[in-house]
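Shown next, in structure tokens, is the structure this report addresses.
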């Protein structure tokens, strides 16, 4: 591909009709796992999570109009190729390492979404993942550029339809005919009335509740700015976006393609807050009208099958997983936990009290042994009452505190909320699934395109064998990760990988390629410093938080009481006997330092979340790029390979 | 020239304010508590930007070999500042803007949910169009 694109600049192919290439670029512009979560994210936190939409679109504008045309100008087809042409193959290999990490973690997120969608349709998740993987590999290997572009364009149209059709139906249901993207202004006063009603009746849990339009209830302004910047810089160097926009070849055409891409993606991003508002109307309506737990709204069924919604800490997914455990040999409630296969079900099971576990086990045995039993009916009639009583909900009605919907789960609930026939859900998921498939193919094509730069100067096996190796490693990595990924962490995982992309690639690609004084040493150092810092911060705050806090106590934003508690826990840990007691104390210490979704931890720099470290890693990378470039000789074009 | 003068004035002002109590001794009101060091840095940055804009304009007027670089540099800087203002500035002011309601939308929420996105897309087209015009008008970099 390197030689081809260098020689082709003189005879560039005609620019395709901008709408098709724009649609194709839009389908490849950002991870679908994040788009699917957008309405749910905005449902949960209202205004604060609009940061996701803003950050993503800002990133597409920067990437499409500013960064990608630079690649087109140098005749490169991808960011790594541009780095190879300017700084030599060593820098390109460092960048390729970052790209591989980013792509693999994004693939895992996409497959977790496939799993959830399959479960919502009561299809086994593993077979859906295998099918998606097979289609993705075949598509990535067999489709030519032109055909792939057409497929991606169609997938983006289907994705838009799968968001806009439920929106139109919900808007019609709420307010009659109109233009939903502007009409949803009317929902705000209705939501505010429902919020007051919930607050007045004492039905809310303040850890998870927040007013829809008020700013900075869930996030501090700093968190919000960090999220916007991380997403913007991460998407601005998102390899598939750059490659698809730069495929216009000429910088002028690439810039226009970038602007078109932004316009098309905007339509999808505008629909997310509208969907969130109508969904909130529907859900809060159910909460304020004392819905009995024995007669749950039908829209809860799909997200509950997917394990992306919980009532009193239980879900249909838990019941089904327990039934599978019974089927594989669990004969008492206590032996179930060892046989639960998915992480979400394990966590839910661990949080239940013994009596509820017995009830779930009983229902699971019924489900496993009686062929005609329906999981949804059993769940409503047996599991929910027991779980509700165990948590002190005596009148058995649905409350805000009891109902937890994960971001991706809300999307699965939308089709049923419209009141449309059941066939709508599979159709919507088909649209979403096609977009996921194109994203999977895109990520694999990104891996494949790396071979051109990474092995350019090596005499090696033919590209097909390299492709197989690349894909085999991707598959094994996914297989390893999929068994343990927690779907609740899907969004964090996607944001974290975009943060890594920003930290590793933005300084070298966006600044390095346009600054003439930048040297190969500077670019290499910027990639290593940025990506290294992002990885260190992410791992430090999540995997070894206590040690991280001990290293940087002065930079933490921890409150006095939190520090006192930490010191007390340290004392316990120091005095604990070697062995199990010491391990337990160490775990308690780490948990306290790490914090949870509702309680800030101690292991951080100025309160910055581990997933948005790009806000400081990118500036550090840029400073390193400038310093090292100025310290190294100007005319040295490439590092020795 | 007007940018250069204004920019120099702003930088000088920022330095005086940053001196804090010392400026009080000069008979000027102490503005540091009002602005904070972040505000002072912002004012100084604004001054530096104005100076840069003035220098660029003067260089372009007098004729230079770097017309393409200067013009696209100025465009990129402007576009990035507009993007930051839209994507970060507006959402930070949301609570204040929410006091106004238009068609049922609280203004701050509306701007973050739709206004910023539309603004960014308009920026993308204007940015692309202007850069393409610069590329067409000036000989290559």
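Protein chains in written order, with our numbering: chain R, 1 to 641; chain Y, 1001 to 1141.
Just so it is clear, CB atoms sit at the ideal spot from N, CA and C, and this is done for glycine as well.
Asked                                                                                                                             : Found
Proximal residues to residue 337 of chain R (C-beta, below 8 Å), its chain only, five neighbours per side dropped                 : 346, 349, 350
Residue 346 of chain R, enclosing alpha helix (DSSP H) - first and last residue                                                   : 343-351
Sub-9 Å separation of residue 644 of chain R and residue 254 of chain R beta-carbons                                              : Chain R is shown from 1 up to 641; residue 644 of chain R falls before or after that span and cannot be answered.
Cutoff 7 Å; reference residue 1117 of chain Y; Cβ partners in own chain excluding five residues on either side                    : none
Top-ranked residue by Cα proximity to residue 1079 of chain Y, from Y:1105, Y:1004, Y:1129                                        : Y:1129
Spatial neighbours of residue 162 of chain R in its chain, beta-carbon cut-off 7 Å, leaving aside the 5 residues before and after : 428, 431, 432
Min CB distance residue 310 of chain R to chain Y below 9 Å                                                                       : no
Beta-carbon neighbours of residue 1064 of chain Y, restricted to chain R and to distances below 9 Å                               : What residue 1064 of chain Y touches in chain R: nothing, since even the nearest Cβ is about 16 Å away.
Sufficient close CB pairs (3 or more, under 8 Å) joining the stretch 231-246 of chain R to the stretch 1094-1112 of chain Y       : no
Selection of the stretch 183-195 of chain R by Cβ proximity to chain Y, strictly under 7 Å                                        : 185, 186, 188, 189
Local conformation of residue 309 of chain R per DSSP, three classes                                                              : strand
Meets three-Cβ-pair contact criterion under 8 Å: the stretch 607-620 of chain R and the stretch 529-538 of chain R                : yes
Sufficient close CB pairs (3 or more, under 8 Å) joining the stretch 62-72 of chain R to the stretch 142-154 of chain R           : no
CB of residue 54 of chain R within 9 Å of CB of residue 228 of chain R, strictly                                                  : yes
First and last residue of the uninterrupted alpha helix (DSSP H) at residue 1002 of chain Y                                       : 1002-1018
Proximity of residue 38 of chain R and residue 269 of chain R at Cβ, strictly below 9 Å                                           : yes
Residue range of the unbroken beta strand (DSSP E) whose run includes residue 403 of chain R                                      : 403-405
Reduced DSSP secondary structure (H/G/I, E/B, other) of residue 1133 of chain Y                                                   : helix
Residue 279 of chain R vs residue 417 of chain R beta-carbon contact at 9 Å                                                       : yes
Inter-stretch contact (C-beta, 8 Å, three-pair minimum) for the stretch 1068-1088 of chain Y and the stretch 195-208 of chain R   : no
Counterpart residues of residue 209 of chain R in DSSP-defined beta bridges                                                       : In DSSP, residue 209 of chain R forms no bridge with anything.
Under 9 Å (Cβ pairs) to chain R, residues found in the stretch 1099-1112 of chain Y                                               : 1101, 1102, 1103, 1104, 1105, 1106, 1108, 1109, 1110, 1112
Spatial distance of residue 1072 of chain Y from residue 614 of chain R (CA atoms)                                                : 27 Å
Complete alpha helix (DSSP H) runs within the stretch 93-170 of chain R (minimum length 4 residues, chain order)                  : 125-142
Under 8 Å by beta carbon: chain Y residues contacting residue 608 of chain R                                                      : Here the premise fails: no neighbours, minimum Cβ distance about 16 Å.
Pair within 9 Å by beta-carbon distance, residue 63 of chain R and residue 236 of chain R                                         : yes
Short CB-CB distance (under 9 Å) between residue 1088 of chain Y and chain R                                                      : yes
Which of helix, strand or coil DSSP assigns to residue 561 of chain R                                                             : helix
Helix, strand or coil at residue 397 of chain R [DSSP, three-state]                                                               : strand
Alpha-carbon spacing of residue 324 of chain R relative to residue 36 of chain R, whole angstroms                                 : 28 Å
Backbone secondary structure at residue 1101 of chain Y - three-state DSSP                                                        : strand
Check whether residue 29 of chain R and residue 261 of chain R have beta carbons under 9 Å apart                                  : yes
Closer than 8 Å: residue 1128 of chain Y CB and nearest the ligand ADP heavy atom                                                 : As for the ligand ADP, it is missing from this structure, which has no ligand bound.
Residue 314 of chain R - partner residues in DSSP beta bridges                                                                    : R:311
Proximity to residue 210 of chain R [Cα-Cα], best of R:58, R:248, R:602, R:598                                                    : R:598
Cβ-based burial, residue 185 of chain R [other Cβ within 10 Å; buried from 16]                                                    : buried
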